[in-house]
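Protein chains: 2
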Amino acid sequence: MVNVTRRRRPTLDDVAAAVGVSRATVSNAYNRPDQLSAELRARVLDAAKRLGYAGPNPVARSLARSQSGAIAFMLDANLSIAFSDPALSITLDAFATAIAPGEHALVLLPGGEDGGPRAERVMRAQADLMVSYSLSDKASALQAVRDRGLPLVVVDEPHLPGAAVVGIDDRGGSEAAARHLVELGHRRIGVLAQDCMYGFPGGRRSRAEAEASPFRINRERLGGYLDVIAEAGIDPDSVPIWEFSGMDRERAVAGAHAALVEEPGLTALLCMSDELAAAATTAARQLGLRVPEDLSLVGFDDTPTARLLDPPLTTVRQDLLGKGRIAGELALLLLSGRKAPKPTVLPTELVVRASTAPPVSAGGKPR
Amino acid sequence: MVNVTRRRRPTLDDVAAAVGVSRATVSNAYNRPDQLSAELRARVLDAAKRLGYAGPNPVARSLARSQSGAIAFMLDANLSIAFSDPALSITLDAFATAIAPGEHALVLLPGGEDGGPRAERVMRAQADLMVSYSLSDKASALQAVRDRGLPLVVVDEPHLPGAAVVGIDDRGGSEAAARHLVELGHRRIGVLAQDCMYGFPGGRRSRAEAEASPFRINRERLGGYLDVIAEAGIDPDSVPIWEFSGMDRERAVAGAHAALVEEPGLTALLCMSDELAAAATTAARQLGLRVPEDLSLVGFDDTPTARLLDPPLTTVRQDLLGKGRIAGELALLLLSGRKAPKPTVLPTELVVRASTAPPVSAGGKPR
DNA sequence: CACAGTGACTTAAGCGCTTCAGTAAGTCCA
DNA sequence: TGGACTTACTGAAGCGCTTAAGTCACTGTG
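Put into structure tokens, the structure is as follows:
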């Protein structure tokens, strides 16, 4: 009964021939039901089912329509690293929800060595629009998007002319975080920064190195921290900066541990993400340091992690859902042919929880 | 200089015309450099760059080659829920790494109400192969894959004839987990199960309800637990079962909290995932229950979460990386035209850490 | 009754590329 | 010196669909 030879799949033409109508009519049966009588449409669909025709081939449809029906999401790292960041899941989900009405598929382009997907991958991706999620300034993927002439939505970074960008007030947030610590009386403050690049094992960084990060977000947040610290009369060059990925929890914990051992005088740590702050929390506990009595911790992002930490984390809140949603709306906007509006900058807000307090020995000799 | 009207992008033909060669030659310049002289190839590429031609249009190439160059990954839930599961990130990353040599793009198909992506989405997806990640038996997406005649790789469930499946020994793992508790002397054991379906708020379930789960994994794990419990002379119908999503941490904590209040006599909890066990750990702490003295906890999966919990979690280890890698290899196998091999079942192994101990008041009156 | 209108299809021109079967010229060797 | 190869390219037939424009038979109208 069933043809054993791996027959080619039936096409629109086969169905048309079977029903005795033109190919256009069959196409209309699927795409514009109002263009043919209900009776004929039923016959067409019936024949299609009989022949095992599963509907128009998506690739051919894309070619004929000159649009692929997909949106590609470019990540700065490989999948397990990228998705270790709760912020990504939330943003991506909001994005997916926002673009749902447009019936676009979502293609994932994992990143590699240069803080973005390989250019060649980008050239080959079937997508009508690309979104850059927190890519490095140096990502070659971005030039590839340019070359292809595809519209681009940028989430967070880098800020590119012509692209529709949505980001947050990183500067304001980090300033608020630093100000909070300064106002509590902290003078010995350290910074835990996101790692600049895939492959870097993490460790102590000079200020100049950290400020040369190819990730705009890192530069902004660091700038905010150090400006406020400097205003408070503390030499910003004396602020120790460590850099590692918060996404590899074990390594981050080890790194934070090493940092705290290296600088035992610190009374507070500014962390560029909640994941880093979580690692610091664990490291502090390992060292017998009480948070916040011995060590104050401030995070960034206010992901669900922040509230679940013990103690709950003081952090800089950003609207991850809103960011994803707006990115989705921008995508739809660009796809409809409109021009990229001015960059959207979402506000940030310091959320004070239980991980910060005045230093115990303010002015005295720390532990 | 630049044409202001939104010109159509140049095509292969434009480049061919500019260089004065045939279209085939330009195509070869990109796809089979050995088919033309290096000198001519350089001229072609040069002309392409000058004209702003970014290489063959991926959609047209797909059509001509009759293959889309993409693999679709079908999820059982929306993105933020799905990616709250660390197991997915790890598996997906291993999968992505495994298929990298094939140069396939990865399309994400988020799930909806029936424990899988909408059938219509599946019909429209540009992919040469679909992978079902932990989909419900009831997912209409699976029939859609059938209808399209696409090869299918199944991760975990459901077991489908004709598909290449890779799963784990859920039964053996859950039996080992239950046996461990029984051997420690526990008699009052509860079960925390994954929620059966999107939208269910979570709560107490009868045994029959739980056993009717459309998720094969749930049935297997529950079966393993209850069989061993019954063998130990405990009435399996007396075992309380709660069901909720471990992926919504706050709700899971609230659920576990309620469960522990509802059944204060329990000395141990079998959790179908580490995420659920993590929620139970938090809930226990909220109630002032010490783990493992007052309450033993066993998880499932051995994700990084397990080791980071306090106390570190006794759990059933499965090889998530291996599962993803094998799924990728199966995908490549099917794409090369070979038939699906017999299902691969990866072993599971109980990893005893610090979250389990004999019940304090063995035989005595519990707290 | 002629005529504009409408409904229901069909025609045919793409969409942009791959690839197989040539062809023509050049190279090699007996 | 001529047949057998090789190299470097071309011609043309698809891949499977969408859609604007066209055809044709009816219907209602002034």
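Chains as they are written, first to last, in the numbering used here: chain D, 1 to 367; chain Z, 368 to 734.
Every residue gets a Cβ at the ideal spot worked out from N, C-alpha and C, and that includes glycine.
Item	Value
What does the alpha-carbon distance come out to for the pair isoleucine 693 of chain Z and valine 533 of chain Z?	7 Å
Suppose you measure from the CA of serine 134 of chain D to the CA of aspartate 76 of chain D; what does that come to, to the nearest Å?	6 Å
May I ask you to list the residues that DSSP assigns as paired with serine 499 of chain Z?	Z/Met441, Z/Val521
Taking DSSP's pairing of strands, which residues face leucine 106 of chain D in a bridge?	D/Ile71, Z/Leu475
Counting only beta-carbon atoms, is alanine 259 of chain D nearer than 8 Å to chain Z?	no
Give me, in chain order, the residues of the same chain whose beta-carbon lies closer than 7 Å to that of isoleucine 601 of chain Z; leave out the 5 immediate sequence neighbours on both sides.	Arg554
To the nearest angstrom, how far is it from the Cα of threonine 314 of chain D to the Cα of valine 155 of chain D?	24 Å
If you draw a straight line from the alpha carbon of alanine 277 of chain D to that of alanine 646 of chain Z, how long is it in whole angstroms?	20 Å
Check the Cβ-Cβ distances between glycine 299 of chain D and every residue of chain Z, and say whether any is below 8 Å.	no
Considering only residues of the stretch 659 to 692 of chain Z, which uninterrupted beta strand (DSSP E) runs meet the minimum length of 3 residues and lie entirely inside it, listed in chain order?	663 to 665, 682 to 684
Would aspartate 14 of chain D pass as an interface residue toward chain Z - the criterion being a Cβ-Cβ separation below 8 Å?	no
Would you kindly report the start and end of the unbroken alpha helix (DSSP H) that includes arginine 205 of chain D?	Counting along the chain, arginine 205 of chain D falls outside any alpha helix (DSSP H), though it belongs to the beta strand (DSSP E) covering 203 to 205.
Which residue wins for smallest C-alpha separation from glycine 704 of chain Z, given the options Z/Leu676, Z/Leu446, Z/Ala431, Z/Ala530?	Z/Ala530
Give a yes or no on whether the minimum CB-CB distance between serine 134 of chain D and chain Z is below 8 Å.	no
Listed from N- to C-terminal order along the chain, which residues in the stretch 439 to 456 of chain Z have their beta-carbon within a distance smaller than 9 Å of any beta-carbon of chain D?	Ala439, Phe440, Asn445, Leu446, Ser447, Ile448, Ala449, Phe450, Ser451, Pro453, Leu455, Ser456
Would you give the residue range spanned by the beta strand (DSSP E) that glycine 173 of chain D belongs to?	Note, glycine 173 of chain D: premise wrong, no beta strand (DSSP E); alpha helix (DSSP H) at 170 to 184.
Using the Cα positions of serine 433 of chain Z and alanine 472 of chain Z, report the straight-line distance between them to the nearest angstrom.	15 Å
For proline 603 of chain Z, which residues in chain D fall below 8 Å Cβ to Cβ?	The contacting residues do not exist; proline 603 of chain Z stays about 33 Å from chain D at best.
Going by the beta-carbon positions, is the gap between glutamate 716 of chain Z and arginine 684 of chain Z smaller than 8 Å?	yes
Under the DSSP definition of a beta bridge, which residues are partnered with alanine 414 of chain Z?	Alanine 414 of chain Z pairs with nothing; no bridge assigned.
Please return the same chain residues whose Cβ sits closer than 6 Å to the Cβ of methionine 368 of chain Z, not counting the five positions on each side in sequence.	Confidence at methionine 368 of chain Z is low in this model, with a pLDDT of 33, below 50, so the placement of that residue should be treated as unreliable; the coordinate-derived value is given next. Hits under 6 Å: none found.
Along chain D, which residues have their Cβ under 7 Å away from the Cβ of arginine 616 of chain Z?	Pro304, Leu308
Between serine 355 of chain D and chain Z, is the shortest Cβ-Cβ distance under 8 Å, so that the two count as touching?	no
Taking only beta carbons into account, state which residues of the stretch 53 to 65 of chain D come closer than 7 Å to chain Z, listed in chain order.	Ala54, Gly55, Pro58, Val59, Ala60, Ser62, Leu63
So if I threshold CB-CB distances at 7 Å, which residues from the stretch 529 to 559 of chain Z count as touching chain D?	none
Have a look at D/Arg285, D/Gly328, D/Arg219, D/Val351 and flag the residue whose alpha-carbon is nearest the alpha-carbon of alanine 256 of chain D.	D/Arg285
Strictly below 8 Å CB to CB, what residues from chain D border serine 435 of chain Z?	Pro58, Val59, Gln126
Spatial neighbours of proline 671 of chain Z within its chain, please: CB distance less than 7 Å, with the 5 preceding and 5 following residues excluded, ordered by chain position.	Pro453
Does glutamate 629 of chain Z pass the burial test, meaning 16 or more other C-beta atoms within 10 Å, or should it be called exposed?	exposed
Taking a Cβ distance cut-off of 9 Å, strictly less, list which residues of the stretch 468 to 480 of chain Z are near chain D, in chain order.	Glu470, Ala472, Leu473, Val474, Leu475, Leu476, Pro477
Regarding threonine 305 of chain D and the ligand COA, is the C-beta to nearest heavy atom distance less than 7 Å?	Ligands displayed in this structure: none; no statement on the ligand COA is therefore possible.
Is it buried or exposed, asparagine 585 of chain Z, if we count other Cβ atoms within 10 angstroms and call 16 or more buried?	buried
Do we get a CB-CB distance below 8 Å when we pair alanine 96 of chain D with the residues of chain Z?	yes
Could you compute how far the alpha carbon of leucine 309 of chain D sits from the alpha carbon of tyrosine 53 of chain D?	54 Å
Taking the C-alpha atoms as reference points, what is the distance between alanine 29 of chain D and glutamine 35 of chain D?	8 Å
Check whether the Cβ atoms of valine 239 of chain D and glycine 190 of chain D sit closer than 8 Å, and answer yes or no.	yes
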